[in-house]
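Respectively, the protein sequence lines represent chains A and X. Using full-length UniProt numbering, read the first sequence as starting at 1 and increasing by one per residue. Using full-length UniProt numbering, read the second sequence as starting at 1 and increasing by one per residue. We put the beta carbon where it would ideally sit given N, CA and C, even for glycine.
There are 2 protein chains.
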Amino acid sequence: MQLTLDLDSEVPIYQQIRDRIVEAIADGDLTAGAALPSTRQLGVDLAINFHTVNKAYDLLRRQGFIRINRKSGAVVRRDRLSGPPEAGFADEWQSRLRTLLAEAVAQGLSPQEVQQRAGNVLESFATPKGSMT
Amino acid sequence: MQLTLDLDSEVPIYQQIRDRIVEAIADGDLTAGAALPSTRQLGVDLAINFHTVNKAYDLLRRQGFIRINRKSGAVVRRDRLSGPPEAGFADEWQSRLRTLLAEAVAQGLSPQEVQQRAGNVLESFATPKGSMT
DNA sequence: GTATCTGTTCTATTATTTGTATAACAGCTA
DNA sequence: TAGCTGTTATACAAATAATAGAACAGATAC
Numbered sequence: 001m002q003l004t005l006d007l008d009s010e011v012p013i014y015q016q017i018r019d020r021i022v023e024a025i026a027d028g029d030l031t032a033g034a035a036l037p038s039t040r041q042l043g044v045d046l047a048i049n050f051h052t053v054n055k056a057y058d059l060l061r062r063q064g065f066i067r068i069n070r071k072s073g074a075v076v077r078r079d080r081l082s083g084p085p086e087a088g089f090a091d092e093w094q095s096r097l098r099t100l101l102a103e104a105v106a107q108g109l110s111p112q113e114v115q116q117r118a119g120n121v122l123e124s125f126a127t128p129k130g131s132m133t
Numbered sequence: 001m002q003l004t005l006d007l008d009s010e011v012p013i014y015q016q017i018r019d020r021i022v023e024a025i026a027d028g029d030l031t032a033g034a035a036l037p038s039t040r041q042l043g044v045d046l047a048i049n050f051h052t053v054n055k056a057y058d059l060l061r062r063q064g065f066i067r068i069n070r071k072s073g074a075v076v077r078r079d080r081l082s083g084p085p086e087a088g089f090a091d092e093w094q095s096r097l098r099t100l101l102a103e104a105v106a107q108g109l110s111p112q113e114v115q116q117r118a119g120n121v122l123e124s125f126a127t128p129k130g131s132m133t
């Protein structure tokens, strides 16, 4: 959990934390059952208030990425590829995908270029950690 | 310019306007040189304040999608596929793409499924308006 | 048991963002 | 001239973001 933040970004801190953890799950750096740092500990590490971390964790919980027990703390709920997505997730997600891809096409990137970039990103997710020799 | 808004959405109104217009450009519904409605007129049509429309237009202008003259009003700056993107756009965009794709993969969608959906969206952009028979 | 760490909840404050509102000015056009 | 336009300024209410302090209860380590 290195997790670098950009305090000057327009993106809220709790959203950045949420995004980095989601990416870590997709990358395979965080697998099912992996424990996240406590909110207070991560707050100290990132030099931010633990309430902000708590907000990020609560968001991840509501979106189905982690489970939070008073006992074991925050734990990654499900490994990638090992179950169907949350109900109603796909539609809302594809709507956001459409907006994001439209932005690139409207800026002048060719659909081929966009598809290439998406493929590269997905490949980086599918590739296990230390498997490039 | 039908442009449907969801006033109950978490997404700010000015952001929704911006997103719909960007999608219209990618779809080919708005081509280079096309004039957008005046801020006051669109405000009336959408039953919102014209300052909110102005904020959306100003955002589109700063992001390079439109030009605004006191004379001709808001005009689409560049058609899709007809020029290089704004400087520094690709990097920041790919970062957001990575976050969005990670979300789908972490939710359990297979990379193949994700790539398929991205391909479908891009295909809908590449396909001219009334070309499905 | 005691101490510590944890998640959880509550209240509070400050700053920023969002959306609306009114007004005024300047330029273009019918 | 009258009307529409973009632009700018100010103001306000509501919501959001981030911080802060305090307290409670359950789990864990000594």
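By the DSSP assignment, the beta strand (DSSP E) with residue i in it spans what residues?
i	result
X:N69	66 to 69
A:A74	73 to 76
Out of the options, which has the shortest C-alpha to C-alpha gap to residue i?
i	options	result
A:R20	X:L97, X:D6, X:E113, X:I25	X:L97
A:P128	A:D6, A:M1, A:P37, A:G28	A:G28
A:T39	A:Q2, A:V22, A:Y57	A:Y57
X:Q94	A:E113, A:V22, A:P85	A:E113
A:P85	X:P37, X:G108, X:V44, X:V11	X:G108
X:L30	X:Q116, X:N69, X:L3, X:A87	X:L3
X:N69	X:P37, X:V22, X:M1	X:P37
Could you spell out where the alpha helix (DSSP H) holding residue i opens and where it closes?
i	result
X:A102	89 to 107
A:A24	13 to 27
X:G43	39 to 46
X:G119	111 to 126
A:A56	50 to 62
Take residue i and list the residues in its own chain whose beta-carbon comes closer than 7 Å to its own, dropping the five residues that flank it on each side.
i	result
X:R78	A32
A:V105	P111, V114
Considering only the beta carbon of each residue, do residue i and residue j sit closer than 8 Å?
i	j	result
A:A90	X:F125	no
A:L100	X:L100	yes
X:V75	X:I25	no
X:L60	X:V53	no
A:A34	A:S72	no
Between residue i and the rest of its own chain, which residues show a CB-CB distance below 8 Å, the 5 nearest in sequence each way excluded?
i	result
A:S9	Q16
X:V22	L60, F65
Worksheet item: Counting Cβ pairs, one atom from each stretch, are 3 or more of them under 8 Å apart for the region 61 to 71 of chain A and the region 107 to 127 of chain A?
Response: Counting C-beta pairs with one atom in each stretch, the region 61 to 71 of chain A and the region 107 to 127 of chain A have fewer than three that are closer than 8 Å, which means they do not touch.
Discussion item. Quick check: the region 37 to 51 of chain A against the region 12 to 28 of chain X, are at least 3 beta-carbon pairs closer than 8 Å?
Written reply: Too few Cβ pairs lie closer than 8 Å, so no.
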